[in-house]
Amino acid sequence: MSAAKALLVAAAFAGFAAAHVGSPDVFFQGKAGPYPVLVSIRPPDAIPGVARIEVRALSSDVQQVELTPTPMTGIAATHPPAADIAERSKADRQVFDGSLWLMSAGSWEVHVRAVGAKGSGELPVPVPAVALKMKPMARGVGVFLFGMMVFLSVGLVAIVGAAVDKRRVLAMAITSGIVVFALWGGWAWWGQDASTANRKLYKPLEISATIDDAGQMNLRITDPGWLPLRKLDDLVPDHGHIMHLILVGWPAMDRVFHLHPEQNAPGYFSMPAPSIRRGTYRIYADIVHDSGFAETAVGEVVLPDIAGKPVSGDDAAGPSLPADGYRMVWLHDSAKPIVARQVNLFSFEIVGPDGRPAPDLEPYMGMGGHAEFVKEDGSVFAHVHPTGSVSMAAIGIASPAAMMAMHETRVGPVVSFPYGLPSAGRYRVFVQMKRAGKVETGSFELTAARSL
Ligand SMILES: [Cu+2]
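What the sequence shown shows, in our numbering, is residues 8 to 459, in sequence order.
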């Protein structure tokens with residue numbers, strides 16, 4: 008490997024990861040005291056790095072927004088730095104933009120403080136930050152640095168040669184030796200650094216599924232090797248379940264299951280298999296560690312026809328709507344394109360046989376609804392709630408009071424999910440809402456246009 012190539016290897020880390028797959032931006036809807044706000048956080052290119060934050064006030068009486076990042080736990084969590092004041096947009100007076108440095112990977116929290124006529128209030132937004140990929144050095148920079156290195160090395164030898172009268176050749180030879188040794192040391196150090204960085208890169212957990220003779224679906228999570236810190240015996244329940252298992256019929260994305268297996272031992276889960284039509288299914292399993300770090304384990308399974316139990320309780324299979332004269336409707340303006348990486352409120356309602364929105368929606372696992380966005384090429388999976396893309400368990404660890412305030416007791420008739428599709432292309436969104444004691448699933452196709 009040449010020195011130039013070594014120079015072209017990673018210079019910096021990139022990324023964030025929430026739970027989800029391929030969906031790094033954080034969207035969060037909640038109340039900063041008396042003010043409803045919609046917060047979008049865009050990942051930095053590197054850690055340490057700058058996160059871009061947009062706070063949209065959903066009422067017109069917010070005058071100022073302040074932003075403060077802290078680690079979610081530990082001593083630093085209680086010693087916040089001075090707040091940054093977000094800049095109020097001239098084009099839209101309800102939008103406030105800011106940027107914050109995040110100094111290390113881990114579970115972060117951005118405190119959004121809104122100030123206005125009704126006093127002030129704060130909303131903590133959990134932000135899990137990890138290294139997602141290594142950023143290769145730009146070729147031009149590498150070539151330039153390699154040129155500089157050659158120039159400086161030759162220059163140093165030449166300077167020594169010019170400065171010494173006697174034994175000029177010997178002095179130049181010794182200097183050359185020192186330069187070569189220093190370069191070799193630098194190259195070895197760089198290679199070591201790059202391989203350490205590579206080991207720190209986030210690698211999602213893997214999950215496999217098998218069906219045994221007793222009709223039990225057994226799931227196993229394995230760690231492909233990431234940080235030695237990652238454990239599987241530290242999971243905490245989210246919406247009352249230790250795992251939210253989503254199976255998506257693949258590649259047609261025509262079927263979805265939202266299931267909740269039990270944990271038998273760290274990494275081992277099982278449940279009675281529901282009735283399933285044979286085929287290939289993508290597996291996405293959402294879990295949360297007790298640090299508040301949420302992850303999605305990913306896998307794929309080919310299943311036979313299974314005559315299992317009908318889904319019940321919090322479990323859902325779909326699409327189940329339209330049925331009995333009820334259908335789920337996506338409320339959107341088809342003239343207004345959906346643009347990648349821009350936050351949208353995806354709004355749905357269930358319409359009854361009389362053509363009116365059903366007035367009897369119920370909370371489903373504490374929320375107005377659950378939505379799973381899946382991209383057709385498999386590169387994106389995001390499990391989103393009316394509060395946004397952040398896991399409720401993470402919110403609970405950041406602020407138990409904030410989590411309690413977010414549990415919905417009255418629902419509908421419209422349920423909205425704040426989310427931005429991470430890239431242009433075709434997606435499917437599966438939406439689960441509960442009505443008359445039954446979880447209903449709707450399925451919708453979306454297309455995101457390239458962002459400008
Ligand atoms: Cu959910």
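For each residue, glycine too, the CB sits at the ideal point set by N, CA and C.
Cβ pair residue i, residue j closer than 9 Å
i, j, result
"residue 326", "residue 448", "yes"
"residue 274", "residue 228", "yes"
"residue 132", "residue 103", "no"
"residue 72", "residue 387", "no"
"residue 425", "residue 34", "yes"
"residue 40", "residue 116", "no"
"residue 178", "residue 192", "no"
"residue 282", "residue 311", "no"
"residue 306", "residue 216", "yes"
"residue 368", "residue 420", "yes"
"residue 376", "residue 246", "no"
"residue 481", "residue 156", "A query on residue 481 cannot be resolved here, the shown segment of the chain reaching from 8 to 459 and no further."
"residue 278", "residue 267", "yes"
"residue 222", "residue 313", "yes"
"residue 252", "residue 270", "no"
Through-space distance from residue j to residue i, alpha-carbon basis
i, j, result
"residue 360", "residue 47", "37 Å"
"residue 454", "residue 430", "10 Å"
"residue 436", "residue 381", "6 Å"
"residue 91", "residue 399", "26 Å"
"residue 293", "residue 250", "6 Å"
"residue 36", "residue 401", "14 Å"
"residue 296", "residue 162", "55 Å"
"residue 417", "residue 319", "22 Å"
"residue 101", "residue 440", "30 Å"
"residue 434", "residue 127", "39 Å"
"residue 190", "residue 181", "14 Å"
"residue 259", "residue 284", "13 Å"
"residue 219", "residue 390", "28 Å"
"residue 224", "residue 254", "12 Å"
"residue 384", "residue 212", "20 Å"
"residue 55", "residue 112", "8 Å"
"residue 422", "residue 154", "59 Å"
"residue 392", "residue 276", "24 Å"
"residue 342", "residue 442", "30 Å"
"residue 280", "residue 226", "11 Å"
"residue 358", "residue 77", "44 Å"
"residue 394", "residue 38", "10 Å"
"residue 407", "residue 85", "16 Å"
Own chain residues within Cβ distance below 6 Å of residue i, not counting five before or after
i, result
"residue 450", "326, 437"
"residue 337", "355, 451"
"residue 105", "60, 74, 91, 93"
"residue 99", "none"
"residue 51", "57, 58"
"residue 349", "427"
"residue 240", "273"
"residue 172", "none"
"residue 32", "49, 427"
"residue 110", "55"
"residue 114", "79, 135, 298, 299, 300"
Residue closest to residue i, alpha-carbon to alpha-carbon, out of the options
i, options, result
"residue 122", "171, 155, 64", "64"
"residue 256", "191, 286, 349", "286"
"residue 333", "94, 446, 372", "446"
"residue 158", "241, 180, 171, 186", "186"
"residue 188", "210, 160, 366, 166", "160"
"residue 323", "262, 339, 313, 363", "262"
"residue 379", "303, 367, 368, 365", "303"
"residue 87", "97, 252, 67, 108", "108"
"residue 309", "38, 289, 407, 96", "289"
"residue 492", "331, 270, 396, 350", "Absent from the model: residue 492. The displayed extent of the chain is 8 to 459, so no value can be given."
"residue 42", "62, 31, 49", "62"
"residue 321", "174, 248, 291, 96", "248"
"residue 237", "209, 214, 226, 244", "209"
"residue 120", "45, 175, 49", "45"
"residue 67", "125, 85, 89", "125"
"residue 230", "214, 244, 242", "214"
N- and C-terminal bounds of the beta strand (DSSP E) containing residue i
i, result
"residue 215", "213 to 218"
"residue 380", "377 to 382"
"residue 371", "No beta strand (DSSP E) holds residue 371; DSSP gives it neither H nor E."
"residue 341", "Per DSSP, residue 341 belongs to no beta strand (DSSP E) and is neither H nor E."
"residue 279", "275 to 279"
"residue 78", "69 to 78"
"residue 392", "Taken as a continuous stretch (DSSP letters only), residue 392 belongs to no beta strand (DSSP E), as it is neither H nor E."
"residue 321", "It is not in any beta strand (DSSP E) - residue 321 carries neither H nor E in the DSSP assignment."
Chain-order list of residues whose beta-carbon lies under 7 Å from that of residue i (same chain, five-residue window excluded)
i, result
"residue 347", "428, 429, 430, 431, 455, 456, 457, 458"
Proximity test, residue i beta-carbon vs ligand 2 heavy atom, cut-off 8 Å
i, result
"residue 250", "This structure lacks ligand 2; its bound ligands are ligand 1."
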